[in-house]
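Those sequence lines, one after another, are chains A and B. So for the first sequence, the numbering used here puts the first residue at 46; every next one is plus one. So for the second sequence, the numbering used here puts the first residue at 85; every next one is plus one. Just so it is clear, CB atoms sit at the ideal spot from N, CA and C, and this is done for glycine as well. Accompanying notes for the structure given below.
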Amino acid sequence: MAQVFFSNALQGLTGGTTEMEVKASSMRALARSLEEHFPGIGLQLKSAAVAIDGDIVPSAWWETLEPDSEVHFLPAISGG
Amino acid sequence: MTATRTAYKWVGTRPVRHDGLDKVTGRARFGADFATAGMLHGAVLRSPHAHARIRSIDVSEALAVSGVKAIITGADLPELDDNQVEGGEGNATYRDLSRNILARDKVLYEGHAVAAVAATTLRVAEQAAQLIRVEYQVLAPVLTIEEAMADDAPLLHDDLFTSGLDSPPKEPSNIAARHVTSRGDPDAAWEEADLVVEREYFTKAVHQGYIEPHAVVAQIGEDGKGTVWGSSQGHFVIRTLTANVLGWDPGDMKFIPAEIGGGFGGKTTIYLEPLAALLSRRTGRPVKMVMTRHEVFRATGPTSGTWMKVKMGARKDGKLVAAQAWMAYEAGAFPGSPVGLGVMGIFACYDIPNVYLEGYDVVVNKPKVAAYRAPGAPMVGFAAESVIDELAEQLRIDPVEIRLRNAVAEGVRAVYGPKYRKIGLVETLETARDHPHYSAPLGPWQGRGVASGWWMNYGGETSATVNINSDGTAVVMSGCPDIGGSRASLAQMAAEELGIDVHRIEPVVADTHSIGYNDLTGGSRVTFAVGMAVVSAARELIEDMCSRAARMWDVPPEEVEWVEGRAQSVSGAFPPLTLEELAAGSARTGGPLSATNTVNPRGVGVAFSTQICDVEVDPETGRVTILRYTVAQDAGRAIHPDYVEGQMQGGVVQGIGWALNEEYIFDGDGVMENPGFLDYRMPVASDLPMIDTVIVEVPNPEHPYGVRGVGEVGIVPPLGAVANAVYAATGKRIQELPMSPVKVLEALSSG
């Protein structure tokens, strides 16, 4: 089960849930699962930065997940 | 000085850079060096007001001037929607980007572009620009965060509503966004603290200060296709932004990169490119545009001025139990400051269980901010590292030791969420503590400060090609402009793989029609990401060459290995085939030897730096002199130590300027009063001692050579390190940058 963490901005859509376990083998599957849990969150997820297992991943929605993966949805950021 | 040794032949050595001769002889062509037949010259009319409504623009008199070929205004650019700009640095929407290129209904800072003229000479273009009649309704300027956030503040944008609030706002404001991050329960945790320090800090807008002004030549034909020459931090991204602002197809334009005379984040976006391209299309002739230094200061960059409130609590043993910060960043005229990175970075060096962070993105009547080396991080570093220093002093703990007791390490969760992978903060702190500098004696009015800093690097989309010439030399092609010596680093990694001399490899920065897409030279990413692509391409070539040797010898591929530039029979049954021999015979063994690799890599990791600064303060003049400065930075592995050290030193020098001298100064009407290097005081060589560097190498396990980005983190600690040193010398904590002589004297004369 992937462990998913929500940013403060997303917690408005998760009813205050800060983290949860989701059975998903890919980020696309994870998004579908989260949309089922929290209708409407999918659109917001698209604009969030995503960290998978410690790395902020630009092509996050293309990635696969390990059973023990950690996924963080962070405020959208840019710069560097 | 390098903390650990490497066992490579080329990686970790210091060969002469491939582009060095051209640069020291003046042969290298920078942005403004390019010229072509029939070229027109462009000039920009800029707003004299910081905030005004444009009632009308009359170009008729200017158009009538002999030699003027075209004039464009905001009405000539397409209206764009609020789609976020992707690929560039710094937050912006295309609508705002377009309105920053040429103002529409309002001008939002002094220097905001209003119209652009193309004429047969620069003088004619400049004179004609002054004949454009603009009728303004001057509005009250908003010049500080405090003014902008006030309830009765004049609004820059009537349609700007704050995002990120708990409930949607009913009224527009100058606050574009609110970012909140939290963990634990800081409100409850303060009671666990034996000492709580709470302070307020201010920093001013500062410019990236690159030596080379923005410059471009565009030649667009009647069919809408053409070529653009210019210097930037990423010609692929600049092409995309330019095309989208004009409503054109990116593939219709070939962008050819010039050498770049510094960028530091400021050349990751566009200013002149769409103007030159549109003027060229209108006139059917090439158009050249070059900014003056005044224009660079008034209309590009800078980075945000800030207002920060920081509270941190620690136990007697120095362990941090809670931290809280409120940060407001100037975005300039349009939303999009790096405050989100400030929120992430302010406590990223430390393992703190209870944290609450709140950041605000605030528009003011100043140029739209652009990325600047570790965007958003140096300012919060100043605030957090000053508070840590105060905690250490009051708890009577050595300032490096208190940082060590709280330092993040592998497996620790960052304040912004994810767990750190292999990182080197502890190693940089230990290096600083053990360095002779840290225990060297000091004299009267001298003081020593330390500070650490964090920066998150970036991977990004990357393409690279390695070609073997028929003589056994190689060409390494990338699409990222070489700002800090990346050509040499890429050639070294290719040389290490191929087993040939690094100077038998020619590293090339290719144009947009000659190689696959590449993100910017930014995010400290090129040696990491392009290096990965180059290494993979070289390994593919080696596999190909070994396969060809196997077929020539009629043996299985696994019986061939690549050793020091030669295909070698494992059994020793055949004499080795050198790269030169394989290259010379490639036509008979399957054709050209070439390999391309593309990556969008993970594993870039984060970077840390710890710095020691000694200052002497003149109590009569308030002048602060940097006596000695040492940087310990984790580079993962230094491919070319000269250029790693150069990045460390460059970041420090810019940070020292930010701490001591640099600031945008505006009059009451919002007109910048110091748009030149005489009055905008950046450090020069005679101001500073040699910056001593210690490259700490904690190899990044996600890179074939252990590389970690090194370009940015060096600028994060100096603001705090210098401030802490000034305190140690004077007993006065200055909480507003820059610590100019006037401010130091004020502090010395205060109780």
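Neighbour flag for residue i against chain B, beta carbons, 8 Å
i                      : result
residue 101 of chain A : yes
residue 120 of chain A : yes
residue 126 of chain A : This structure gives no information on residue 126 of chain A, because the portion of chain A shown stretches from 46 to 125.
residue 70 of chain A  : no
residue 111 of chain A : no
residue 104 of chain A : yes
residue 82 of chain A  : no
residue 47 of chain A  : no
residue 66 of chain A  : no
residue 96 of chain A  : yes
residue 117 of chain A : yes
Residue-chain proximity (residue i, chain A), Cβ-Cβ < 8 Å
i                      : result
residue 266 of chain B : yes
residue 540 of chain B : yes
residue 684 of chain B : yes
residue 505 of chain B : yes
residue 500 of chain B : yes
residue 222 of chain B : no
residue 263 of chain B : yes
residue 543 of chain B : yes
residue 790 of chain B : no
Residues near residue i in its chain [Cβ-Cβ closer than 7 Å; skip 5 each side]
i                      : result
residue 147 of chain B : 155
residue 812 of chain B : 531, 532 and 533
Collapsed DSSP secondary structure at residue i in the structure displayed
i                      : result
residue 155 of chain B : strand
residue 530 of chain B : strand
residue 77 of chain A  : helix
residue 214 of chain B : coil
residue 652 of chain B : strand
residue 219 of chain B : strand
residue 413 of chain B : strand
residue 309 of chain B : coil
residue 537 of chain B : strand
residue 668 of chain B : helix
residue 587 of chain B : helix
residue 89 of chain B  : Low confidence applies to residue 89 of chain B: its pLDDT is 43, below 50, so where it sits in the model is not reliable, and the reading given next is rough at best. DSSP places residue 89 of chain B in coil when its eight states are reduced to three.
residue 288 of chain B : coil
residue 317 of chain B : coil
residue 506 of chain B : coil
residue 484 of chain B : helix
residue 106 of chain B : helix
Span separating the alpha-carbon of residue i from that of residue j
i                      : j                      : result
residue 864 of chain B : residue 494 of chain B : Outside the shown range of chain B, which is 85 to 835, sits residue 864 of chain B, and nothing can be said about it.
residue 80 of chain A  : residue 93 of chain A  : 15 Å
residue 139 of chain B : residue 189 of chain B : 8 Å
residue 372 of chain B : residue 355 of chain B : 13 Å
residue 276 of chain B : residue 400 of chain B : 10 Å
residue 292 of chain B : residue 820 of chain B : 19 Å
residue 760 of chain B : residue 383 of chain B : 13 Å
residue 100 of chain A : residue 791 of chain B : 15 Å
residue 521 of chain B : residue 351 of chain B : 36 Å
residue 222 of chain B : residue 376 of chain B : 26 Å
residue 421 of chain B : residue 122 of chain B : 41 Å
residue 158 of chain B : residue 542 of chain B : 34 Å
residue 657 of chain B : residue 502 of chain B : 53 Å
Outcome for residue i when other beta-carbon atoms lying within 10 angstroms are tallied against a minimum of 16
i                      : result
residue 647 of chain B : exposed
residue 704 of chain B : exposed
residue 272 of chain B : exposed
residue 46 of chain A  : exposed
residue 337 of chain B : buried
residue 611 of chain B : buried
residue 129 of chain A : Lying before the first or after the last residue shown, residue 129 of chain A is absent from chain A, which here runs from 46 to 125.
residue 808 of chain B : buried
Cutoff 6 Å; reference residue i; Cβ partners in own chain excluding five residues on either side
i                      : result
residue 831 of chain B : 816 and 818
residue 196 of chain B : 131 and 187
residue 796 of chain B : 457, 458, 539 and 608
residue 149 of chain B : 212
residue 444 of chain B : 259, 262 and 412
residue 117 of chain B : none
Residue i Cβ short of 7 Å to the ligand COA heavy atom set
i                      : result
residue 303 of chain B : Annotation note on the ligand COA: not contained in the displayed structure, which lists no ligands.
Nonlocal neighbours in the same chain, by C-beta distance under 8 Å from residue i, ignoring five residues either side
i                      : result
residue 663 of chain B : 552, 556, 582, 583, 584, 629, 649 and 650
residue 806 of chain B : 533, 697, 699, 708, 710, 739, 740, 743, 744 and 823
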